[in-house]
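Here the structure is laid out as structure tokens; the discussion comes afterwards.
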Amino acid sequence: MAEGEVSALGTRKRFIAGKEILFDKEGFFLDARDWSEEAATVLSREMGIDVLSEKQWRLIRFLRDYYANNGKAPLSSEIKAGLGWTLMELESLFPGGIRLGARLLAGLPNPQSCTQ
Amino acid sequence: MLRKKRFIYADNAATTFPKPHEVLAEMLDLYETKGVSPGRGSYDLSVEAEDLVDRVRRQICGFFGGGDPSRVIFCYNATDALNLLIQGLIEPGCHVISSRLEHNSVLRPLHHFYQQGIIKLDLVPFDTQGFIDPDDVARAINPKTKFIILTHGSNVLGTIQPVQEIGAVCRAKSVPLILDVTQTAGMVPIDMAKWGISAIAFTGHKSLYGPTGIGGFVLSRDLDVRTTRFGGTGLDSKSLVHSQRYPQRLEAGTINMLGVIGLSAGIRYLEKKGLHSTYAHEMSLIHRLRDGLSSLQAVQLYCARSLENHLPILLCNIKEMNPEQVSTILDGDFDIATRAGLHCAPLVHQDLGTSPEGGVRFSLGAFNTAEEIDTILEAMAEICRFREGTNPRA
Chain R
166 MAEGEVSALG
176 TRKRFIAGKE
186 ILFDKEGFFL
196 DARDWSEEAA
206 TVLSREMGID
216 VLSEKQWRLI
226 RFLRDYYANN
236 GKAPLSSEIK
246 AGLGWTLMEL
256 ESLFPGGIRL
266 GARLLAGLPN
276 PQSCTQ
Chain S
788 MLRKKRFIYA
798 DNAATTFPKP
808 HEVLAEMLDL
818 YETKGVSPGR
828 GSYDLSVEAE
838 DLVDRVRRQI
848 CGFFGGGDPS
858 RVIFCYNATD
868 ALNLLIQGLI
878 EPGCHVISSR
888 LEHNSVLRPL
898 HHFYQQGIIK
908 LDLVPFDTQG
918 FIDPDDVARA
928 INPKTKFIIL
938 THGSNVLGTI
948 QPVQEIGAVC
958 RAKSVPLILD
968 VTQTAGMVPI
978 DMAKWGISAI
988 AFTGHKSLYG
998 PTGIGGFVLS
1008 RDLDVRTTRF
1018 GGTGLDSKSL
1028 VHSQRYPQRL
1038 EAGTINMLGV
1048 IGLSAGIRYL
1058 EKKGLHSTYA
1068 HEMSLIHRLR
1078 DGLSSLQAVQ
1088 LYCARSLENH
1098 LPILLCNIKE
1108 MNPEQVSTIL
1118 DGDFDIATRA
1128 GLHCAPLVHQ
1138 DLGTSPEGGV
1148 RFSLGAFNTA
1158 EEIDTILEAM
1168 AEICRFREGT
1178 NPRA
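Just so you know, the protein sequences line up as chains R and S, in that order. Heads up, the working numbering is the position in the first sequence plus 165, with the first residue counted as 1. Heads up, the working numbering is the position in the second sequence plus 787, with the first residue counted as 1.
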């Protein structure tokens, strides 16, 4: 598959920060191990965020740490308890909120929902 | 910030929760004492189990106004029932009518056959209030129309369709009408015989207060469905041909005995509680919710002007907010469970203009209270304030 080409299943290959990365049709990393801060920065710009704030990085790192330790994404209540912020604050940090914004930038699997 | 109270469940259109204690208790009790394979053995307990299943068939037949208990067929859920009905009725070259209000449980099986060129398909629209016009159905009928399959109550908009009028149209043109009563079974009375309905497909775990994993359909005597699943029935084991007697004709393999017990207990629970009073209670709450939400400027409601012929379901959005985020905030900050997205009914959202993100659906059940509605309204107001940047906590 050439760069930018979309497979029959919607998988897309891109080169970001010198690395070949596969994304699903919604733009989520297919393999969390492909994630890097550089890749997150590039993707955040595409999301309309010029520079990721410290709060945004804290959420991204929390998601990654939780995923690395538990093999699954945290529940909303676990994020809230872990960071001490309300869901209203957390959801307003990224376009698309936690599920479609923060999770995508953190390299976690596509949460899959009824809107997709 | 609102203080957390108890969990508020407003996703009853997905499944009612919690299940009544007496339903769960009866399931455990009967399954412990009679949970053998019904109708397969000649020992007393197996015969008793079969009697129990037959009693439940009679109960369901009576509940829906069907004419023949042997034509009550148990399935896993409404989707399974609808698949069996559709696949057992379709013939190459036939024409089927459905609507743009349907759930994917109807749309996807039909689309599968349509895409393969096996059937012709017409989907009638719904009007600005969320209702199908019986005249549209009448106009869509042609000599090749094999059946019409419609939702009785929309799982997105909550509108209850004029099925008696549509039934009259179908009777006049001798076309079978099949209803998906997933959302209405247990909410409003359903009378197949009186309304001229040829089949209804239901699930047990919504407003019938049974468990998940049990559903089925009821066939009138004027409609026969081909066997599309084959296997053991407990009858005529020496033959390699699947029995064509009802209900075995459409049931292959051991049925979900625990589910059948729970379904029966759920219906009895509902009848004891009173179908009409339960519905009236839930509708009073949805009125309260509709009135409260309509006073919030940032809230966009998608509902009919009148809540007559309506289910306790309300769809809305907060302007400029993704419904998934609203639902996540309701859960995480306020302990309120709702369903966001397209609700497996993509064409409804397409026509409402809410695609691809959908909306936030509140769906109420017997255990919701007026105080809970007020808490939901306070939560929605607080989210609106936050969105407008006037959150007092900021």
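The beta carbon of each residue, even a glycine, is placed where N, CA and C say it ideally should be. As the structure is a prediction and not an experimental result, all values here were calculated from the model.
Supposed contact pair residue j and residue i - C-beta distance, whole angstroms, cut 8 Å
{"i": "residue 934/S", "j": "residue 962/S", "result": "6 Å"}
{"i": "residue 840/S", "j": "residue 825/S", "result": "5 Å"}
{"i": "residue 1072/S", "j": "residue 1167/S", "result": "With a Cβ gap of about 15 Å, residue 1072/S and residue 1167/S do not count as contacting."}
{"i": "residue 1070/S", "j": "residue 1174/S", "result": "So it is not a contact: roughly 29 Å between Cβ atoms."}
{"i": "residue 980/S", "j": "residue 849/S", "result": "Rounded, the Cβ-Cβ distance is 11 Å, inconsistent with contact."}
{"i": "residue 932/S", "j": "residue 873/S", "result": "At roughly 14 Å, the Cβ-Cβ gap does not stay under 8 Å, so residue 932/S and residue 873/S are not in contact."}
{"i": "residue 778/S", "j": "residue 986/S", "result": "Any property of residue 778/S remains undetermined from this structure, which presents chain S solely from 788 to 1181."}
{"i": "residue 906/S", "j": "residue 881/S", "result": "6 Å"}
{"i": "residue 1145/S", "j": "residue 1128/S", "result": "4 Å"}
{"i": "residue 1049/S", "j": "residue 997/S", "result": "4 Å"}
{"i": "residue 893/S", "j": "residue 967/S", "result": "6 Å"}
{"i": "residue 256/R", "j": "residue 262/R", "result": "4 Å"}
{"i": "residue 1090/S", "j": "residue 1076/S", "result": "Between residue 1076/S and residue 1090/S the Cβ distance is about 10 Å, and since that is not below 8 Å, they are no contact."}
{"i": "residue 917/S", "j": "residue 946/S", "result": "4 Å"}
{"i": "residue 1051/S", "j": "residue 843/S", "result": "4 Å"}
Residue i burial status per 10 Å Cβ neighbour count (16 or more: buried)
{"i": "residue 183/R", "result": "exposed"}
{"i": "residue 993/S", "result": "buried"}
{"i": "residue 1104/S", "result": "buried"}
{"i": "residue 196/R", "result": "exposed"}
{"i": "residue 1097/S", "result": "buried"}
{"i": "residue 1036/S", "result": "buried"}
{"i": "residue 1115/S", "result": "buried"}
{"i": "residue 268/R", "result": "buried"}
{"i": "residue 1078/S", "result": "exposed"}
{"i": "residue 959/S", "result": "exposed"}
{"i": "residue 1006/S", "result": "buried"}
{"i": "residue 188/R", "result": "buried"}
{"i": "residue 1053/S", "result": "buried"}
{"i": "residue 1031/S", "result": "exposed"}
{"i": "residue 929/S", "result": "exposed"}
{"i": "residue 1130/S", "result": "buried"}
{"i": "residue 1176/S", "result": "exposed"}
{"i": "residue 1028/S", "result": "exposed"}
{"i": "residue 831/S", "result": "exposed"}
{"i": "residue 209/R", "result": "buried"}
{"i": "residue 1143/S", "result": "exposed"}
{"i": "residue 236/R", "result": "exposed"}
{"i": "residue 991/S", "result": "buried"}
{"i": "residue 915/S", "result": "exposed"}
{"i": "residue 867/S", "result": "buried"}
Sheet register partners of residue i (DSSP bridge)
{"i": "residue 885/S", "result": "910/S"}
{"i": "residue 1147/S", "result": "1103/S and 1127/S"}
{"i": "residue 990/S", "result": "1002/S"}
{"i": "residue 1086/S", "result": "1105/S"}
{"i": "residue 798/S", "result": "1150/S"}
{"i": "residue 1074/S", "result": "Answer is none; residue 1074/S lacks a bridge partner."}
{"i": "residue 937/S", "result": "966/S"}
{"i": "residue 1141/S", "result": "Bridge partners of residue 1141/S: none, in fact."}
{"i": "residue 1097/S", "result": "946/S"}
{"i": "residue 893/S", "result": "For residue 893/S, which the question treats as bridged, DSSP gives no partner whatsoever."}
{"i": "residue 860/S", "result": "1004/S"}
{"i": "residue 972/S", "result": "975/S"}
{"i": "residue 918/S", "result": "None; residue 918/S has no bridge partner."}
Proximity test, residue i beta-carbon vs the ligand GTP heavy atom, cut-off 7 Å
{"i": "residue 239/R", "result": "This structure lacks the ligand GTP, and indeed carries no ligand of any kind."}
Inspect the CB distances between the stretch 966-984 of chain S and the stretch 940-955 of chain S and report whether three or more fall short of 8 Å.
-> With the rule of 3 Cβ pairs closer than 8 Å, the stretch 966-984 of chain S counts as touching the stretch 940-955 of chain S.
Just checking, does the stretch 1115-1126 of chain S make contact with the stretch 1155-1171 of chain S on the three C-beta pairs under 8 Å criterion?
-> Short answer: they touch.
Which residues, in chain order, does the stretch 243-260 of chain R contribute to contact with chain S at a C-beta distance below 9 Å?
-> Against chain S - using a Cβ distance shorter than 9 Å - the residues of the stretch 243-260 of chain R are 244, 245, 251, 252, 253, 254, 255, 256, 257 and 260.
Give a yes or no on contact between the stretch 797-813 of chain S and the stretch 1136-1154 of chain S, applying the rule of three or more CB pairs nearer than 8 Å.
-> Remark: three or more beta-carbon pairs, one from each stretch, lie closer than 8 Å, so the stretch 797-813 of chain S and the stretch 1136-1154 of chain S are flagged as touching.
Can you find at least 3 beta carbon pairs, one from the stretch 206-213 of chain R and one from the stretch 795-802 of chain S, that sit closer than 8 Å?
-> Verdict: no, contact absent.
Is the stretch 1085-1095 of chain S in contact with the stretch 239-249 of chain R, if contact means three or more CB pairs nearer than 8 Å?
-> The stretch 1085-1095 of chain S, when compared against the stretch 239-249 of chain R, does not touch it at the 8 Å Cβ threshold.
Is the stretch 189-206 of chain R in contact with the stretch 246-254 of chain R, if contact means three or more CB pairs nearer than 8 Å?
-> At 8 Å Cβ cutoff, the stretches do not touch.
Please determine if the stretch 871-888 of chain S and the stretch 1129-1145 of chain S are in contact, where contact requires at least 3 C-beta pairs separated by less than 8 Å.
-> Taking 8 Å as the limit for Cβ pairs, the verdict is that the stretch 1129-1145 of chain S does touch the stretch 871-888 of chain S.
Is it true that the stretch 851-866 of chain S meets the stretch 1032-1046 of chain S, where meeting means three or more beta-carbon pairs spaced less than 8 Å apart?
-> With contact defined as three or more Cβ pairs closer than 8 Å, the stretch 851-866 of chain S and the stretch 1032-1046 of chain S are in contact.
Select from the stretch 1086-1113 of chain S all residues with a C-beta closer than 9 Å to any C-beta belonging to chain R, and list them in chain order.
-> Here the close residues are 1108, 1109, 1110, 1111, 1112 and 1113.
Touching or not, the stretch 916-928 of chain S and the stretch 892-901 of chain S, by the rule of three or more beta carbon pairs under 8 Å?
-> The stretch 916-928 of chain S makes no contact with the stretch 892-901 of chain S, as fewer than three CB pairs between them are under 8 Å.
Taking 8 Å as the threshold, find out whether the stretch 1042-1051 of chain S comes into contact with the stretch 816-833 of chain S through three or more Cβ pairs.
-> Yes, since at least three Cβ pairs between the stretch 1042-1051 of chain S and the stretch 816-833 of chain S fall closer than 8 Å, the two stretches touch.
Listed in chain order, which residues of the stretch 1117-1136 of chain S have Cβ atoms closer than 8 Å to some Cβ of chain R?
-> For the stretch 1117-1136 of chain S, which is checked against every Cβ of chain R, the residues closer than 8 Å are 1118, 1119, 1120, 1126, 1127, 1128, 1129, 1130 and 1131.
Between the stretch 193-219 of chain R and chain S, which residues of the former have CB atoms less than 7 Å from a CB of the latter, in chain order?
-> Hits within the stretch: zero.
Against chain S: residues of the stretch 259-278 of chain R by CB proximity under 8 Å | Answer in chain order: 261, 262, 263, 264, 265 and 278.
According to a CB-to-CB cut-off of less than 7 Å, which residues of the stretch 969-991 of chain S neighbour chain R?
-> Residues are counted here when their Cβ sits less than 7 Å from a Cβ of chain R; for the stretch 969-991 of chain S the count is zero.
Residues in the stretch 1163-1178 of chain S having any Cβ partner in chain R nearer than 9 Å = Correct list: 1169, 1170, 1173, 1174 and 1178.
Chain S contacts from the stretch 228-243 of chain R (Cβ-Cβ distance under 8 Å) = Within the stretch 228-243 of chain R, the qualifying residues are 241 and 242.
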